[in-house]
Amino acid sequence: MNNLLIVDGMALLFRHFFATSLHKNYMKNSEGVPTNGVQGFVRHVVSAIHDTDAHHVIVCWDMGAKTFRNEIDPNYKAHRPAPQDELIPQFDMVQEISRQLGFHNIGIQNFEADDVIGTLAHTLDGTYDIKVISGDRDLLQILDEHIEVWLIKKGFNIYNKYDKTRFIEEYQIQPKQLIDVKAFMGDTADGYPGVKGIGEKTAFKLIQTYGSVECVLEHIEELPKGQQNKINGAADALKLSHQLAAIHTEVPLKLDEIISEMPYSVDLQSMIDICNQYELKVAKNFIAKL
Numbered sequence: 027m028n029n030l031l032i033v034d035g036m037a038l039l040f041r042h043f044f045a046t047s048l049h050k051n052y053m054k055n056s057e058g059v060p061t062n063g064v065q066g067f068v069r070h071v072v073s074a075i076h077d078t079d080a081h082h083v084i085v086c087w088d089m090g091a092k093t094f095r096n097e098i099d100p101n102y103k104a105h106r107p108a109p110q111d112e113l114i115p116q117f118d119m120v121q122e123i124s125r126q127l128g129f130h131n132i133g134i135q136n137f138e139a140d141d142v143i144g145t146l147a148h149t150l151d152g153t154y155d156i157k158v159i160s161g162d163r164d165l166l167q168i169l170d171e172h173i174e175v176w177l178i179k180k181g182f183n184i185y186n187k188y189d190k191t192r193f194i195e196e197y198q199i200q201p202k203q204l205i206d207v208k209a210f211m212g213d214t215a216d217g218y219p220g221v222k223g224i225g226e227k228t229a230f231k232l233i234q235t236y237g238s239v240e241c242v243l244e245h246i247e248e249l250p251k252g253q254q255n256k257i258n259g260a261a262d263a264l265k266l267s268h269q270l271a272a273i274h275t276e277v278p279l280k281l282d283e284i285i286s287e288m289p290y291s292v293d294l295q296s297m298i299d300i301c302n303q304y305e306l307k308v309a310k311n312f313i314a315k316l
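As structure tokens, then:
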């Protein structure tokens, strides 16, 4: 099977923006527009194509702050601060450069990039060997026989690599059951509550023992009294968190169009020309050494 690389575009943009903005290194072009996040994105995707020996490349994007999850819970991600001024002009720039570099870009209104990634992986599993690159551990729930998730760890090519076998050995649950774990423990970064007083260790133990939120509730009398009280007192929050934790795998996509446009072949000179056009000096110097 051919290798398909699916990239969480915003995860890379944000990661490399903050890695250099910490030292006020915004890599501004001649017009004074910051390019630091874009340059890191380009370097990372080019490295990932090499590391995964990708024959096909898709970059998935978030399309605005609001998604269907905000209709379920208006507080979902509502606490997150506005992006820095230096990052804002890079949102459009990175997607345009990604397109010009020949990567197939996908972003669907009302859905997060994770949902698009999950739908693509779910639909194309078994047809391609799929590598997903992101910093979001929530994506571990989509692991399957031909789907790996490479969590960004350091730099441009150091990852915490998960396949289905490693996940099961490490956590003693199936990847899909991560949704149930997240329902109990909640997620402060995404702003959903879970069950107050149930942490990660207890959440995993409950799902390892009972298999699902539903089965925990069916056997709640078997739990220590303290856990019973916490869970019974947070029934609505538990249900809500389960809905929010699940990656949607049925996003409406034009699959035939995607399959026809996702093949990729490296053209180093074209990459260098595009880097020159946008004054991406650091990215160009990196590519020129390949």
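Throughout the sequence shown, residue numbering follows the working numbering, covering 27 to 316 in sequence. In this text, a Cβ means the ideal position worked out from N, Cα and C, and glycines have one as well.
Inset, instruction - Out of K180, P107 and D262, point me to the one whose CA is closest to T215's CA. - result: One point to set straight first is that residue 215 is Ala, not Thr, in the sequence displayed. With distances taken between Cα atoms, A215 lies closest to P107.
Inset, instruction - Starting from V120, trace the beta strand (DSSP E) both ways and give me its first and last residue. - result: Element bounds for V120: not the beta strand (DSSP E) but the alpha helix (DSSP H), I114 to Q126.
Legend entry - Residue range of the beta strand (DSSP E) that includes N131: H130 to I132
Inset, instruction - Report the residue ranges of all beta strand (DSSP E) runs contained in full by the stretch 145-190; include only those spanning at least 3 residues, in chain order. - result: 155-160, 173-180 and 184-188
Legend entry - Reduced DSSP secondary structure (H/G/I, E/B, other) of Y218: strand
Legend entry - Buried or exposed (CB count within 10 angstroms, at least 16 for buried), M288: buried
Inset, instruction - Flag this pair as yes or no: are the beta carbons of H274 and D151 separated by less than 8 Å? - result: no
Inset, instruction - Going by CA-CA distance only, name the one from Y188, F210 and D213 that's closest to P201. - result: Y188
Inset, instruction - Tell me, please, whether the stretch 219-238 touches the stretch 176-196 by the rule of three or more beta-carbon pairs shorter than 8 Å. - result: no
Legend entry - Helix, strand or coil at T275 according to DSSP, with G and I counted as helix: coil
Legend entry - From D79, E283, Q167 and H49, residue whose alpha carbon lies closest to that of D155: D79
Inset, instruction - Can you have a look at T319 and say buried or exposed, based on whether 16 or more other CB atoms are within 10 angstroms of its CB? - result: Coverage of the chain is limited to positions 27 through 316, which leaves residue 319 absent and any answer about it impossible.
Inset, instruction - Identify, in the order they occur along the chain, each residue of the same chain with its Cβ nearer than 7 Å to the Cβ of Q167, setting aside the five sequence neighbours on each side. - result: P201, K202, L204, I205 and I273
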